[in-house]
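For the protein sequence lines, the chains are L and A, in the order given.
If you're matching positions, the first sequence starts at 3 in my numbering and goes up one per residue.
If you're matching positions, the second sequence starts at 3 in my numbering and goes up one per residue.
Structure first, commentary second.
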Amino acid sequence: MRQYSTLQNPQQLKSLFQRRLWTITLIIAFLFLVLVVRLFYLQIIANRYYSTLSANNSINLAPISPPRGLIYDRNGILLADNVPAYNLMVIPNIVPDMPKTIEELRKIVVLSDDDIKLFNRQISRRRSFQEVPIRMKLSEDEVAKFSINQFRFPGVHIQVGVVRRYPFANDLVTVLGYVGRINEQELGALDQDNYAGSDYIGKIGIEKYYEQQLHGTVGYRQVEMDASGREVRTLKTISPIPGEQLYLTIDSKLEEAAIQAMQGLSGALVAIDPNNGQILALVSMPAYDPNMFVNGVNTQEYKKLRQDPSQPLFNRAIRGQYPFGSTIKVFLALQALQGRYVDPKIQIFDQGEVKLGSHVFHDMHKHGWVDFSKAIEVSCDTYFYLLALKMGIHPMNEIIQNFGFGQYTGIEMNEELRGLVPTPAWKQKTLHQGWYPGDNLNFSIGQGWLLTTPLQLAHGVATLSMRGQAYQPTLILKTIKPDGHVTIAQSRLKPEVKLDDATWDGVIEGMVQVIRGPQGTGYRFGRPEYSVAAKTGTAQVFSLRGEKYNVAKLAKNLHDNSMFITFAPVDHPQIAIAVAIQNSPEAAKIARKVMDYYLLTEGHWQKGALNGTT
Amino acid sequence: MELPNFISRLMQQRDIQMRTIWVRLHLDAPLLIGILLLTLYGLLVLFSAADQSWAVVTKQLGRFLLGIILMFIAAQIPPEKYRVWIPSIYVAGIFLLVLVLVFGHTGKGAQRWLNLGFIRFQPSEIMKIAVPVMIAWYLGAKNLPPRFTPLLVSAILIIIPAALIAKQPDLGTALMVAAGGLSVLLFTGIRWRWFVIFGGIVAATAPVAWLFMHDYQRNRVLTFLNPDLDPLGTGYHIIQSKIAIGSGGFFGKGWFNGTQSHLDFLPEHSTDFIFSVIGEEFGLMGAIILLVLYAFIIGRCLYIASNAYDSFTRLLAGSLSLTFFFALFVNIGMVCGILPVVGMPLPLISYGGTAVVTVLTAFGILMSIQTHRHIIKT
């Protein structure tokens with residue numbers, strides 16, 4: 003055993019190193035030799051064998067695209083499935099004269115310029131012996147015509163593929179979005195291997211958000227090919243792994259009931275189960291048929307959709323940014339009560355206006371003597387003007403933001419917008435102006451720069467109904483992996499809005515009076531047998547962000563948007579709804595129909611009562 | 003007695019300094035020539051592998067020039083400076099690796115890239131140099147062979163970055179980083195017995211680790227051991243690669259004439275599998291020319307290591323040379339089917355930027371060690 007002294011001299015260190023260096027050099031030399039021997043074996047000894055293989059080389063990998071995961075609603079009703087479709091495929095290196103072939107093909111099947119453009123782009127992406135689709139979803143007529151003429155088109159054949167289908171068409175596009183042909187830009191960002199055989203990708207909505215889970219994993223066939231690239235036989239198959247199945251929280255029957263109620267109107271409705279944040283219905287009207295986007299909507303149809311003044315492509319439920327109108331008052335009322343800015347019993351006399359400097363802020367009605375509860379019931383602007391002056395902007399901002407306004411709700415859709423909660427800092431930054439007391443007054447009646455999406459509003463009222471317990475709004479009930487493994491989505495709590503019981507009682511009582519009270523503004527809702535709390539809102543707007551419409555065409559009294567938030571039953575809420583209807587006062591009526599359907603027709607009222615008592 | 007000795011040494015230094023312009027530029031001529039020849043060879047092959055695309059070749063040439071500039075800069079910095087900077091570079095590298103895990107850009111299912119707005123880069127590449135340098139710095143100040151505590155500290159210094167990179171997940175680079183660190187240990191003269199024990203421990207813990215792994219992780223290991231299990235066809239890669247090399251024979255099929263790569267049977271033929279193109283188009287002759295070039299470069303690097311003036315630079319030079327050898331050996335070994343498939347480019351030949359830059363920077367450090375020793379030596 004060698005001994006090492008504590009202090010080594012440099013010479014010792016050096017010689018130790020050099021001994022080791024020699025050993026390592028020898029090892030490296032040996033490993034080089036290993037490589038040379040291996041290469042000698044491959045290239046000289048086994049050369050004949052490998053040359054033969056190379057000359058006949060014909061083993062290739064053909065990708066098999068995985069079946070896309072199906073999407074169901076909460077009751078197991080199929081919302082998106084895959085159906086067989088006949089696609090026209092081309093193997094480029096077999097086709098003798100491509101331009102002529104395409105020209106001839108056009109006489110038999112419909113080939114749009116878009117089809118051909120996409121085809122040409124794909125050719126350059128794939129290997130020359132891989133088939134490339136030129137037309138998806140041939141009609142039966144086209145299939146028959148092509149089959150007769152097939153002998154004229156070497157390298158062109160019909161393949162039975164699958165195509166996405168949305169049985170509900172217009173009715174669930176708001177939630178599902180759609181898939182479409184993969185475009186060049188998407189190709190660049192994709193995992194090329196996994197999408198080697200795929201033609202479709204989620205473009206918007208759930209289809210996009212859950213693209214990875216829905217797509218699955220590509221499979222492969224090892225195929226033997228002849229010299230011209232024709233398949234001779236399959237040697238080995240590795241099956242694709244299908245995408246996961248998605249169960250949404252959406253109740254498609256409720257969704258359809260809502261759509262039925264909203265026929266002919268423009269607007270959005272969001273219904274949430276406040277007990278867990280599950281979104282029961284997410285409606286934007288008018289809508290469009292996603293099926294026509296699956297294989298690339300043709301330019302003309304798309305132009306028509308885009309130019310439609312009612313903007314069917316615009317997802318109002320998550321992207322429509324509406325002024326709150328008076329719906330904001332219930333949230334502000336909570337803060338007023340909590341912060342003891344008002345004594346709920348003290349009445350004020352409403353003369354129908356508030357003077358601020360030289361400016362007069364009007365209320366549409368003179369309500370006379372109004373206390374806290376009455377102020378909510380009749381939506382008394384004067385009462386809230388005075389409140390706003392007393393509170394100032396910061397407490398108002400605080401409560402509005404605590405309820406999640408001005409922030410993304412985090413719904414499983416990439417397209418969501420987040421509305422706007424103006425603050426003095428925001429105003430200084432964007433408008434370069436100070437915050438005026440008048441801004442407080444506008445804020446208190448949900449006007450000015452305040453904007454909310456229907457989704458945010460529904461989330462806000464759901465939180466209110468649960469007395470501050472906030473759940474992340476979600477669309478996912480569960481996912482099922484191809485191996486049968488079920489993942490139940492857990493409801494996720496958001497930071498609780500902590501307020502006194504008396505505060506919640508006071509405001510919810512006011513909201514009950516909106517429906518029950520003699521002067522309640524929710525009269526359009528009617529008086530159902532279940533207990534219900536609500537708040538109306540009217541927004542005097544002439545344009546909505548992201549949307550244009552011709553004001554002149556509409557009668558003046560139709561310009562206002564109606565907003566409506568509601569939840570029921572009051573004691574053990576089962577559903578919270580927000581409705582925004584453009585240029586029509588129908589919001590409350592629509593909410594009533596949806597609520598009746600859910601609580602009465604579907605029987606959730608009893609269920610709620612049962613849960614509430616146990 | 004002392005004085006004449008001192009004077010003669012001074013004159014000797016002066017003589018060495020004046021002897022050649024290379025020393026003043028801090029470049030090592032033989033190494034530089036080897037690198038240039040190898041790169042030229044690589045560009046020739048790449049031009050064929052990339053279906054005669056000038057765009058690909060010029061892009062790679064641009065990266066090479068950037069690498070040469072970095073090499074030149076690295077060569078100007080005396081080893082003493084590296085000694086001072088090393089700990090902070092190492093810590094910064096670890097920090098960047100953590101950043102990647104938190105904010106990293108996901109490419110192909112793995113988080114490796116950090117986007118700085120103007121450039122995207124892989125911090126794990128920095129660690130390929132930073133880890134061996136760090137270990138050399140640490141052990142260079144210790145008595146050699148190291149005792150238990152320094153060994154333990156070195157092991158931790160290697161495991162932290164390797165684990166962070168493996169988590170991205172990028173097993174190939176993690177292995178390279180670990181190999182770089184371990185290669186320093188080889189040069190410290192620690193008993194070979196330790197490596198055997200270390201290997202034994204790894205082998206013994208493997209079944210335990212297996213129990214705690216997720217299914218997908220097990221699959222990954224299985225694929226690593228048996229490429230035929232990979233559904234994306236890694237086994238297919240190897241079969242096609244062997245056919246390409248084997249069908250090349252002694253003289254090869256000729257430039258641009260490789261059927262395997264040009265008919266798209268051979269995947270990744272510009273990047274990880276570019277050696278198969280050499281084997282196919284230039285045959286055994288071309289492959290041996292490549293190996294000779296590599297051997298020449300490594301020989302020169304080891305020569306630099308043996309002439310280095312202190313423990314730190316010796317260990318550093320030795321480990322950088324060994325890491326370079328390790329990369330090319332793993333790549334060629336994988337392509338001709340004697341090693342499992344890990345994603346690792348052929349140094350200075352494969353298409354790709356980061357690896358070229360890293361390798362050339364390492365050569366710059368070696369040149370610095372070679373050209374600064376006369377001046378600092380006392």
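Note that the Cβ used here is the ideal one computed from N, Cα and C, for glycine as well.
No experiment lies behind these values; they were computed from the predicted model shown.
* Asked: Expressed to the nearest angstrom, what Euclidean distance is found between the alpha-carbon atoms of L/Val-332 and L/Thr-454?
  -> 15 Å
* Asked: From the DSSP output, which residues share a beta bridge with L/His-364?
  -> L/Glu-355
* Asked: Just by C-beta distance, which residues in the segment 235–249 of chain A are closer than 9 Å to chain L?
  -> Taking 9 Å as the Cβ-Cβ cut-off against chain L, the residues of the segment 235–249 of chain A that qualify are Gly-235, Tyr-238, Ile-241, Gln-242, Lys-244, Ile-245, Ala-246, Ile-247, Gly-248 and Ser-249.
* To do: Whole angstroms is fine: what's the gap from L/Ile-478's alpha carbon to L/Ala-283's?
  => 12 Å
* Cβ of A/Gly-320 within 9 Å of any chain L Cβ -> yes
* To do: Compare the C-alpha of L/Val-296 against each of L/Gly-204, L/Gly-221, L/Val-362 and L/Leu-336 and name the closest.
  => L/Gly-204
* Helix or strand or just coil, what does DSSP make of L/Asn-172? -> helix
* In three-state DSSP terms, what is L/Gln-268? -> For clarity, residue 268 of chain L is Ser in the given sequence; the question names Gln instead. If DSSP states are grouped into helix, strand and coil, L/Ser-268 belongs with the strands.
* So, L/Val-572 versus L/Ile-510, is the Cβ gap smaller than 9 Å? -> yes
* Asked: With which residues is L/Ala-283 paired in a DSSP beta bridge?
  -> Bridge partners of L/Ala-283: L/Ala-273.
* Cβ neighbours of L/Asn-77 in the same chain (closer than 8 Å, five flanking residues each side left out) -> Cβ within range, chain order: Asp-253, Ser-254 and Lys-255.
* Asked: Counting Cβ pairs closer than 8 Å, one from the segment 272–282 of chain A and one from the segment 324–338 of chain A, do we hit at least three?
  -> With the rule of 3 Cβ pairs closer than 8 Å, the segment 272–282 of chain A counts as touching the segment 324–338 of chain A.
* Asked: Which residues in the same chain have their Cβ closer than 7 Å to the Cβ of A/Leu-292, if we skip the five residues on either side of it in sequence?
  -> Counting only residues of its own chain and dropping the five nearest sequence neighbours on each side, A/Leu-292 has a CB closer than 7 Å to the CB of Tyr-43 and Ile-280.
* With distances taken from CA atoms, which of L/Val-581, L/His-396, L/Ile-395 and L/Lys-347 is nearest L/Leu-271? -> L/Val-581
* **7 Å Cβ cut-off: residues of chain L touching A/Ala-297** => Phe-34
* Drop a sphere of 10 angstroms on the beta-carbon of L/Leu-35, count the other beta-carbons inside from all chains shown, and report buried for 16 or more, exposed for fewer. => exposed
* Do A/Leu-368 and A/Leu-33 have their CB atoms nearer than 9 Å? -> Yes, the pair counts as a contact, with Cβ atoms nearer than the cut-off.
* Asked: In three-state DSSP terms, what is A/Thr-315?
  -> helix
* Just curious, the alpha helix (DSSP H) that A/Met-73 is in, first and last residue? -> 56–78 is the span of the alpha helix (DSSP H), which, as asked, contains A/Met-73.
* **Outcome for L/Ser-467 when other beta-carbon atoms lying within 10 angstroms are tallied against a minimum of 16** => buried
* To which residues of the same chain is L/Val-488 closer than 7 Å at the C-beta, ignoring the five residues directly before and after it? -> Lys-480 and Ile-482
* Inter-stretch contact (C-beta, 8 Å, three-pair minimum) for the segment 398–410 of chain L and the segment 362–379 of chain L -> no
* Asked: Any residues in the segment 122–150 of chain A with a beta carbon nearer than 8 Å to a beta carbon of chain L? Which ones, in chain order?
  -> Asn-145, Leu-146 and Pro-147
* Is DSSP giving L/Asp-503 helix, strand or coil here? -> helix
* **Runs of alpha helix (DSSP H) wholly within the segment 40–70 of chain L (minimum 4 residues, chain order)** => 49–57
* Please report the Cβ distance between L/Val-596 and L/Ala-263, rounded to the nearest whole angstrom; I am assuming they are in contact, meaning their Cβ atoms lie under 8 Å. => Contact between L/Val-596 and L/Ala-263 holds: their C-beta atoms lie close to 6 Å from each other, under 8 Å.
* DSSP beta-bridge partners for L/Ala-535? -> Partner(s): L/Phe-569.
* Counting only the same chain and skipping the five closest in sequence on each side, list residues whose C-beta sits under 8 Å from that of L/Leu-15. => Shown here for L/Leu-15: not one same chain residue has a beta carbon closer than 8 Å to its own, the five before and five after excluded.
* **Buried or exposed (CB count within 10 angstroms, at least 16 for buried), L/Pro-276** => Buried is the call here.
* How many angstroms separate the CA atom of A/Ala-77 from the CA atom of L/Pro-101? -> 58 Å
* Assigned exposure category for L/Met-366 - 16 Cβ within 10 Å defines buried -> Around the beta carbon of L/Met-366, fewer than 16 other beta carbons lie within 10 angstroms, which makes this residue exposed.
* Asked: So, L/Asp-173 versus L/Ile-184, is the Cβ gap smaller than 9 Å?
  -> no
* Asked: Would DSSP call A/Ile-286 helix, strand or coil?
  -> A small fix is needed here, since residue 286 of chain A is Leu in this sequence, not Ile. Looking at A/Leu-286 - three-state DSSP - the assignment turns out to be helix.
* Any chance you could list the alpha helix (DSSP H) runs of at least 4 consecutive residues sitting entirely within the segment 90–167 of chain L, in chain order? => 100–108, 115–127 and 142–151
* Determine the burial state of L/Lys-558: buried for a count of at least 16 other Cβ atoms within 10 Å of its Cβ, exposed for fewer. => Because L/Lys-558 sits at a pLDDT of 44, beneath the cut-off of 50, its placement in the model cannot be relied upon, and the following sentence gives the value as read from the coordinates. Burial call: exposed.
* Asked: At a Cβ threshold of 9 Å, is L/Thr-8 touching chain A?
  -> Caution is warranted here: a pLDDT of 49 is assigned to L/Thr-8, below 50, making its placement in the model unreliable, and the coordinate value is therefore given only provisionally. Yes, its Cβ sits closer than 9 Å to a Cβ of chain A.
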